[in-house]
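Heads up: the sequence shown begins at 1 in the UniProt record's numbering, then just goes up one per residue. For glycine and all other residues, C-beta sits at the position ideal for the given N, C-alpha and C. One structure is given here, and the rest of the page talks about it.
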Amino acid sequence: MPNPLNAREVCQRLRDAALGVCPLRHTADPCGSGRITVDIDGWRLALDLDGRRLLHCLDCRSADGRVWRLDASQRFGTDPVSLLSTWELAQIERLLAE
């Protein structure tokens, strides 16, 4: 079984999308109310939104099958979204609104 992803690896995918290094695509299957699934260069991320504001990354599966999941009992800083800069977060929110 491959090693699980960590929050920094998932955050790096979000940063790559924010910088335009990797495309962020909405997938055809929404997760439900306030949630959206996106693909960033073969990585599938489920994101939690409040309107147009990105709150959390709920889970992620890398192209090689490794997985990361948000655990509410984890301490601050373990959600990849919390590791983004203000500018990166704004860029991701802009991409999600397109």
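(message) With a threshold of 6 angstroms on Cβ separation, who are the neighbours of alanine 7 within its own chain once the five nearest residues in sequence on each side are excluded?
(response) So the qualifying residues of the chain are Thr78, Pro80.
(message) Classify serine 62: buried if its beta carbon has 16 or more other beta carbons within 10 angstroms, exposed otherwise.
(response) The residue in question, serine 62, is buried, as its Cβ has 16 or more Cβ neighbours within 10 Å.
(message) For leucine 54, list the residues DSSP reports as bridge partners.
(response) Answer is Leu49.
(request) Report the option in Glu98, Asp64, Arg94, Leu89 whose CA atom is closest to the CA atom of cysteine 11. (result) Cysteine 11 has its Cα closest to that of Leu89, out of Glu98, Asp64, Arg94, Leu89.
(message) Please report the distance separating the alpha-carbon of cysteine 22 from that of arginine 94.
(response) Cα-Cα distance, rounded: 15 angstroms.
(request) Excluding the 5 residues preceding and the 5 following residue 109 in the sequence, name in chain order all residues of the same chain whose CB lies nearer than 6 angstroms to its CB. (result) Only positions 1 to 98 of the chain appear in the structure, and residue 109 is not among them; the question remains open.
(request) Tell me whether leucine 95 sits in a helix, a strand or coil according to DSSP, three-state version. (result) In the structure shown, leucine 95 sits in a helix (DSSP, three-state: H, G or I).
(request) In the DSSP assignment, find the beta strand (DSSP E) that holds valine 38 and state where it starts and stops. (result) That run of the beta strand (DSSP E) goes 35 to 40.
(request) Would you mind working out which of Pro4, His26, Asn3, Glu9 sits nearest isoleucine 92, comparing C-alpha positions? (result) The candidate whose alpha carbon is nearest that of isoleucine 92 is His26.
(request) Compute the Euclidean distance between the alpha carbons of histidine 56 and leucine 47, then round it to the nearest angstrom. (result) For histidine 56 and leucine 47, the distance between alpha carbons rounds to 6 angstroms.
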